[in-house]
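Q: Residue numbers (our numbering): 2 to 398. Cβ coordinates follow ideal geometry from the N, Cα and C atoms, glycine included. Bear in mind that the values here come from a model prediction, so they are computed numbers and not experimental data.
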Ligand code: GLV
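1. Have a look at 221, 231 and 217 and flag the residue whose alpha-carbon is nearest the alpha-carbon of residue 238.
2. Report buried or exposed for residue 211, applying the criterion of at least 16 other Cβ atoms within 10 angstroms of its Cβ.
3. Could you tell me if residue 382 is buried or exposed, where buried requires 16 or more neighbouring beta carbons within 10 angstroms of its beta carbon?
4. Kindly examine the ligand GLV and report whether one of its heavy atoms sits closer than 6 Å to the Cβ of residue 108.
5. Am I right that residue 188 and residue 136 are in contact with their C-beta atoms under 8 Å? What's the rounded C-beta distance?
6. Rounded to the nearest angstrom, what separates residue 328 and residue 29 at their Cα positions?
7. Have a look at 375, 369, 46 and 352 and flag the residue whose alpha-carbon is nearest the alpha-carbon of residue 102.
8. Going by DSSP in three states, residue 18 sits in which element: helix, strand or coil?
9. From 84, 46 and 130, pick the residue whose C-alpha is nearest to that of residue 26; which is it?
10. Could you give the first and the last residue of the continuous alpha helix (DSSP H) run that contains residue 222?
11. Would you grab the beta carbon distance between residue 285 and residue 310 for me? Rounded to a whole angstrom, and I think it's under 8 Å.
12. DSSP state of residue 339, grouped into three classes?
13. Report the rounded CA-to-CA distance for residue 52 versus residue 357, giving the unit in angstroms.
14. Going by DSSP, what residues sit across from residue 101 in a beta bridge?
15. I need the DSSP call for residue 9, collapsed to helix, strand or coil.
16. Residue 314 to residue 201, Cα distance in whole Å?
17. Residue 335: beta carbon under 6 Å from a heavy atom of the ligand GLV?
18. For the beta strand (DSSP E) that contains residue 327, what are its first and last residues?
19. Within its chain, find whatever has a CB closer than 7 Å to the CB of residue 129; leave out the 5 residues flanking it on each side and keep chain order.
20. Applying the 10 Å Cβ sphere with the 16-neighbour rule, what's the burial state of residue 171?
21. In the structure shown, what three-state DSSP assignment does residue 288 receive?
22. Below 8 Å, how does it come out for the region 221 to 231 and the region 241 to 257: are there three or more Cβ pairs, yes or no?
23. Looking at residue 326 and residue 293, is the spacing between their C-beta atoms short of 7 Å?
24. Please state whether DSSP places residue 181 in a helix, a strand or coil.
25. To which residues of the same chain is residue 54 closer than 6 Å at the C-beta, ignoring the five residues directly before and after it?
26. For residue 205, write down the residues that DSSP places opposite it in a beta bridge.
27. For residue 373, report the span of its beta strand (DSSP E) as first-last.
28. Looking only at C-alpha atoms, which of 362, 244, 289 and 215 sits nearest to residue 261?
29. Hey, out of 385, 190, 204 and 283, whose CA is closest to residue 214's CA?
30. Per the DSSP calculation, residue 30 is bridged to which residue(s)?
31. Determine the burial state of residue 169: buried for a count of at least 16 other Cβ atoms within 10 Å of its Cβ, exposed for fewer.
32. Is the Cβ-Cβ distance between residue 477 and residue 126 less than 7 Å?
33. Note down, in chain order, each residue of its chain lying with its Cβ closer than 6 Å to the Cβ of residue 236, except the 5 sequence neighbours on either side.
34. How should residue 61 be labelled, buried or exposed, when 16 other C-beta atoms within 10 angstroms of its C-beta is the threshold for buried?
Take a look at the structure:
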């Protein structure tokens, strides 16, 4: 198998460093970033693709950068959630003969799907492989906020520890408290289970859809605890988001970002929460009015927050970095090795499937067959979000 490292210089003075695999491949597939693992590259190369990986130093590529990468002939692109995939890029990709774009992410609020539909370009995402990893980060932030781990770590490293004290870094006990989940889809439900099962919290959730599986789980677990002579856990499906905000001690946000969830948590809704509540966000930054949150954190020192995402990444709203009651991490919720390699594989297979004319996998939540490293993946695109709009065929079971 051929591996060729080239340094190309585009017509502009801007140097673009591109890594090329299988230069004589029939289909040209571009990845706007290097991605973890090598399986995704091998799968594309094995099915006749020339794979080009952009190593441009800047973190966030502009639309112009990506137009350069697409060039005159491009069959498909694997891109990132930091990129603005709209009319301009889909038009350029379509002109270059492209059939597919896949985000290496489950969220695709950076993609104008209507524009993709207009040019007949399939849009892929990567569900099913990051559910538990993302829920585990939400759980980590919940615990870190409840027990003030980051503040305590800074204190220790700062040489401030002079010995055990009854008042030192007193936080919240989660057991027996209520966890509130807003958006009980794949990730929200996985998080709810972790907090109920692991920390014996009661659950209140808000979602437009009923999560019967989650409810059944909590009921059964409550019965199990009771049979063991322990306090059972309970669940409640809230009829409004406000009900969750008022009643929960710990709240985690797991909605998609769209017009209906922009600034879902604003000044008024922050005011409804308990003074000592904990708020966690591993969804998308604009779901919270971040400036209002900074004010709320300043006025309520016992209120704590764990944030993985920000309204205008990579920036934080003024004042956030100075608050002791916020824990901030740089959008790493899906960052486990297994998950990131799996996301790269799913994104590559989304594109490959369309390039080769394969059907769309019947259930984007059950992508295990694509992730088994000891077998060839099914000949299908694992998850194409606009497959219905484009009338693409669905694979049989
Ligand atoms: C990451 O934020 C993702 O949507 O996968």
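A: With the structure as the only source:
1. Your numbering for residue 238 matches position 237 in the chain shown. Nearest of 221, 231 and 217 to residue 238, Cα basis: 217.
2. Here the question's residue 211 lines up with position 210 in the chain shown. Exposed, by the Cβ-count rule.
3. For this step, residue 382 is matched to residue 381 along the chain shown. Looking at its Cβ environment, which holds 16 or more other Cβ atoms inside 10 Å, residue 382 is buried.
4. Start at 1 with the first residue of the chain shown, and residue 108 comes out as number 107. For the ligand GLV, at least one heavy atom lies less than 6 Å from the Cβ of residue 108.
5. Numbered from 1 along the chain shown, position 187 holds the residue referred to as residue 188. Numbered from 1 along the chain shown, position 135 holds the residue referred to as residue 136. Yes, residue 188 and residue 136 are in contact; Cβ-Cβ is about 5 Å, under 8 Å.
6. What you label residue 328 is simply residue 327 of the chain shown in a count that begins at 1. What you label residue 29 is simply residue 28 of the chain shown in a count that begins at 1. Looking at the two C-alpha atoms, the distance is approximately 42 Å.
7. Here the question's residue 102 lines up with position 101 in the chain shown. When only C-alpha atoms are compared, the closest one is 352.
8. Here residue 18 is taken as the residue at index 17 of the chain shown, counted from 1. Of the three classes helix, strand and coil, the one that applies to residue 18 here is strand, per DSSP.
9. Here residue 26 refers to the residue found at position 25 when the chain shown is read from its first residue. Nearest option by C-alpha distance: 46.
10. For the purposes of this step, residue 222 is taken as residue 221 along the chain shown, with counting starting at 1. Element bounds for residue 222: 213 to 228.
11. Counting from one through the chain shown, the residue named residue 285 turns up at place 284. Counting from one through the chain shown, the residue named residue 310 turns up at place 309. At roughly 5 Å, the Cβ-Cβ gap stays under 8 Å, so residue 285 and residue 310 are in contact.
12. For the purposes of this step, residue 339 is taken as the residue at position 338 of the chain shown. Three-state result, residue 339: helix.
13. Locating residue 52 in the chain shown gives position 51, where the first residue counts as 1. Locating residue 357 in the chain shown gives position 356, where the first residue counts as 1. For residue 52 and residue 357, the distance between alpha carbons rounds to 15 Å.
14. Here the question's residue 101 lines up with position 100 in the chain shown. Bridge partners of residue 101: 77 and 123.
15. Position 8 of the chain shown, counted from the start, is the residue given in the question as residue 9. Residue placement at residue 9 cannot be trusted, given a pLDDT of 49 that sits under 50; the coordinates are not used to answer.
16. The residue labelled residue 314 in the question sits at position 313 within the chain shown. The residue labelled residue 201 in the question sits at position 200 within the chain shown. The straight-line gap from Cα to Cα measures roughly 34 Å.
17. On the chain shown, residue 335 is found 334 positions in, with the first residue counted as 1. Checking the Cβ of residue 335 against the ligand GLV gives yes.
18. By 1-based counting over the chain shown, the position of residue 327 is 326. Its beta strand (DSSP E) spans residues 327 to 329.
19. Within the chain shown, the letter at position 128 stands for residue 129. The answer, listed in chain order, is 365, 366, 367 and 368.
20. Residue 171 sits at position 170 when you count from the first residue of the chain shown. It counts as exposed.
21. Stepping through the chain shown from its first residue, residue 288 is reached at position 287. It is helical.
22. no
23. Here residue 293 corresponds to residue number 292 of the chain shown, with the count starting at 1. Here residue 326 corresponds to residue number 325 of the chain shown, with the count starting at 1. Going by C-beta atoms, residue 293 is not nearer than 7 Å to residue 326.
24. What you label residue 181 is simply residue 180 of the chain shown in a count that begins at 1. Strand, per DSSP.
25. Here residue 54 corresponds to residue number 53 of the chain shown, with the count starting at 1. Result list for residue 54: 20, 32 and 35, in chain order.
26. In the chain shown, counting from the first residue as 1, residue 205 sits at position 204. According to DSSP, which records beta bridges pairwise, residue 205 is partnered with 181 and 237.
27. On the chain shown, position 372 is the one that residue 373 refers to. Residue 373 -> no beta strand (DSSP E), and no H or E assigned at all.
28. Taking the first residue of the chain shown as 1, we reach residue 261 at position 260. Closest option to residue 261, Cα to Cα, is 289.
29. Along the chain shown, read from residue 1 onward, the residue named residue 214 stands at position 213. Out of 385, 190, 204 and 283, 190 has the C-alpha closest to the C-alpha of residue 214.
30. Residue mapping note: residue 30 aligns to position 29 of the chain shown, counting from 1. The partner list for residue 30 (beta bridge, DSSP) reads 52 and 77.
31. On the chain shown, position 168 is the one that residue 169 refers to. Exposed, by the Cβ-count rule.
32. Only positions 2 to 398 of the chain appear in the structure, and residue 477 is not among them; the question remains open.
33. Within the chain shown, the letter at position 235 stands for residue 236. Answer for residue 236: 204, 216 and 219, listed in chain order.
34. As a working mapping, residue 61 is identified with position 60 in the chain shown. Result: exposed.
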